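Below: one structure, written as structure tokens.
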Amino acid sequence: MSRNIVDIIDRRTLLKAAGGAGVTALAGCVSSTDDGSEETTETETDGTTETDGTTESGSNGGPYAIGMVDSLTGSLSAFGERNQRGKDLALKRVNDVGINGRDLKIIVEDSESESQGGVSAAQKLVNQNQVPFLIGSVGSGVSLAIYESVVQGTDVVQLSQNSTGLSLTDFPGLLRMSPTGRTQSTALSNIIADDGYDEVAVTYVNNDYGQSLADAFEQSYDGEIAYKNPHDQKQQSYSGVVSEMNSSGADAWLFITYQAEFATMVNEAYSSGYEAQFYGADSVSGDNVLENTPKGSMDGMKIVVPSAPVDQDNYKEFASAFKEEYGEEPTAWSAYAYDCVVTAALSIQAADEFTGKALQKTVREVTRPEGQKVTSFEAASKILSDGGGVDDVDYQGVSGPIDFDENGDPVGYLQILTVENHDYVGTGFIES
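Be aware that the sequence shown starts at 1, since it is given in this note's numbering, and climbs by one per residue.
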């Protein structure tokens, strides 16, 4: 896709350094629901041309170039659009300060919301642009395919903005900003049990995301799984699936799928007169579902979604700036992408050189609790500019404390949404 060329300002003599750090208690969360429209988003990159990204730190005044694989088109493009807005806001703030007197440039490629598209995009970024740091991608299957086909066995750092599949935990070299779906599965099993249901019917999308969350739910749920079967994406009808769920006799139905598929299931269950208490993982919620299902067809449904802490001061500031820029409230997906950019920038500034090997040593450390808690790139950058080391910084993201564990998973927060009057209403919070 086309990219605008912008001038790069040489900040070797104009580094901005403003101190200030704050420790803010977590007292709430914000929903990460997204609309499900398939909208192609044109994306700007901050930089000159798509040049080699391996220039060592300090060797010239050009930008540090990293890559990003995102869903600009395809079934997950609504999430990609939010990613790009969070990315753009973070990139502007990073470049207002600068990294060692230089800008950060992000080369964005489209995964088309598919594994093969993600692999092709990542190959271009890693092999042609030679980026040492890769943000990507949306969708657990896409992110894992990129890691196994392109990143694994190299020094390139991969940090996924939107992947919750449980299997990513088995690949500690693949970092992610959004929490593992195991937290969702455990929360759903507890909610369904607390609601008094000892029997449930489960259908899940036939990929790594769906399979892993469904398996984790089964492991956590103490009741009986009356029905558990996968379904394929992009089918015109799921009448067989909802009929089998109804025949199972379970009064609680759990959907682990995507918005378009779920909307079709809701319509077919509603038109058939089936009645059950609906539950869902995060990917079933969105404006697209509300717009394409009858009022009353989902009332009472409970959905567990990843979340960001709303009472954290830096989140409030982020949300205000996001709304001013884009005219809408951010989602957690926007916050995850924002934090990916800031984490990458801090990793670059803290590293001895701009190589994957050096960044591997800093990317986890700049969000560790051992350092001074800071809530902005500017404050963290000042610590490093004043002679502080990687152990002196603990960046607290707008999506919450990050603190990657040994498996590359962050601290996670969840929100419970309930469908009331055909709209999503926040009804509770969960800290993983």
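Ideal placement from N, C-alpha and C gives every residue a C-beta, glycine not left out.
The structure displayed is predicted, hence computed values, not measured ones.
Which term fits residue i, buried or exposed, when burial requires 16 or more other beta carbons within 10 angstroms of its beta carbon?
i      : result
Thr367 : buried
Gly196 : exposed
Gly300 : exposed
Val425 : exposed
Thr375 : buried
Gly327 : exposed
Gly165 : buried
Asp474 : Absent from the structure is residue 474, since the part of the chain shown begins at 1 and ends at 432.
Asp170 : exposed
Thr293 : buried
Gly98  : buried
Asn127 : exposed
Glu109 : buried
Gly397 : buried
Glu114 : buried
Gln259 : buried
Gln433 : Past the boundaries of the shown model lies residue 433; the chain is included only from 1 to 432, so the question cannot be answered.
Thr43  : Because Thr43 sits at a pLDDT of 42, beneath the cut-off of 50, its placement in the model cannot be relied upon, and the following sentence gives the value as read from the coordinates. Thr43 comes out buried.
Residues in its own chain within less than 6 Å of residue i by CB, not counting five upstream and five downstream?
i      : result
Val94  : Leu104, Ala345, Phe377
Trp253 : Ala201, Met245, Ala276, Phe278
Pro330 : Ala319, Phe322
Val151 : Gln158
Asp208 : Ser140, Gly141, Gly165, Ser167
Val341 : Lys87, Ala90, Leu91
Gly210 : Tyr204, Ile256
Gly428 : Ile416
Arg85  : Tyr326, Ser334
Ala216 : Leu166, Arg182, Ser185
Glu420 : none
Thr418 : Lys302, Val425, Thr427
Pro230 : Tyr204, Asn206
By Cβ distance, which residues of its chain are closer than 8 Å to residue i, with the 5 residues on each side in sequence left out?
i      : result
Ser272 : Ser239, Val242, Ser243, Asn246
Thr183 : Gly412, Leu414, Ile430, Ser432
Glu370 : Asp391, Asp394
Glu406 : Pro172
Val154 : It is worth fixing the name first, because residue 154 is Thr in this sequence and not Val. Closer than 8 Å at Cβ, skipping near neighbours: Val126, Gly356.
Gln360 : Asp155, Val157
Asn267 : Asn292, Thr293, Pro294, Ser297
Lys265 : For clarity, residue 265 is Met in the given sequence; the question names Lys instead. If we look at Met265 and ignore the five residues flanking it on each side, its Cβ neighbours are Thr203, Tyr238, Val241, Val242, Phe255, Thr257.
Can you give me the Cβ contacts of residue i inside the same chain, cut-off strictly under 7 Å, excluding the 5 residues immediately before and after it?
i      : result
Val390 : Ala350, Thr362, Glu365, Val366
Ala21  : Its pLDDT being 31, under 50, Ala21 is placed unreliably in this model, and the value from its coordinates should be taken loosely. Once the five neighbours on either side are set aside, the close Cβ partners of Ala21 are Gln372, Lys373, Val374, Thr375, Ala379.
Tyr274 : Val242, Asn246
Asp403 : Thr367, Arg368, Pro369, Pro410, Val411
Glu218 : Ile225, Lys228
Val119 : Ala145, Ile146, Ser149, Val150
Give me the Cβ distance between residue i and residue j, rounded to the nearest whole Å; I'm assuming they're in contact under 8 Å.
i      : j      : result
Leu159 : Ile135 : 6 Å
Pro306 : Asp282 : 6 Å
Glu433 : Gln233 : Here the chain comprises residues numbered 1 to 432, so residue 433 is not present and cannot be evaluated.
Tyr221 : Ser189 : 4 Å
Val289 : Thr257 : Not quite, the Cβ-Cβ distance comes to about 11 Å (not below 8 Å), so this is no contact.
Ser149 : Gly181 : With a Cβ gap of about 22 Å, Ser149 and Gly181 do not count as contacting.
Ala121 : Gly286 : Not quite, the Cβ-Cβ distance comes to about 24 Å (not below 8 Å), so this is no contact.
Gly61  : Val131 : With 8 Å as the limit, Gly61 and Val131 do not qualify as a contact, their Cβ atoms being about 19 Å apart.
Ile191 : Lys302 : 6 Å
His422 : Gly296 : 7 Å
Between residue i and residue j, is the Cβ-Cβ spacing less than 9 Å?
i      : j      : result
Gln161 : Tyr315 : no
Ser399 : Tyr338 : yes
Ser137 : Val69  : yes
Val156 : Gly356 : yes
Leu89  : Ile107 : no
Asp251 : Glu224 : no
Ser334 : Phe133 : no
Arg176 : Ser163 : yes
Leu72  : Glu112 : yes
Ala187 : Ile416 : yes
Gly74  : Gly117 : yes
Ser178 : Ala332 : yes
Is there at least one Cβ from chain C nearer than 9 Å to residue i's Cβ?
i      : result
Phe171 : No chain C appears in this structure, which consists of one protein chain only.
For the stretch 176-258, which segments carrying the beta strand (DSSP E) assignment without a break, of at least 3 residues, lie completely within its bounds, in sequence order? Runs of the beta strand (DSSP E) inside the stretch 176-258: 199-205, 224-231, 252-256.
task: Pick out the complete beta strand (DSSP E) segments inside the stretch 299-367, 3 residues or longer, and give them in chain order.
output: 302-308
Completely contained beta strand (DSSP E) runs for the stretch 102-158, where each covers 3 or more residues | 104-110, 133-135
Those runs of the alpha helix (DSSP H) which lie wholly inside the stretch 255-291 and span at least 4 residues
Listed in chain order, they are 259-271, 287-291.
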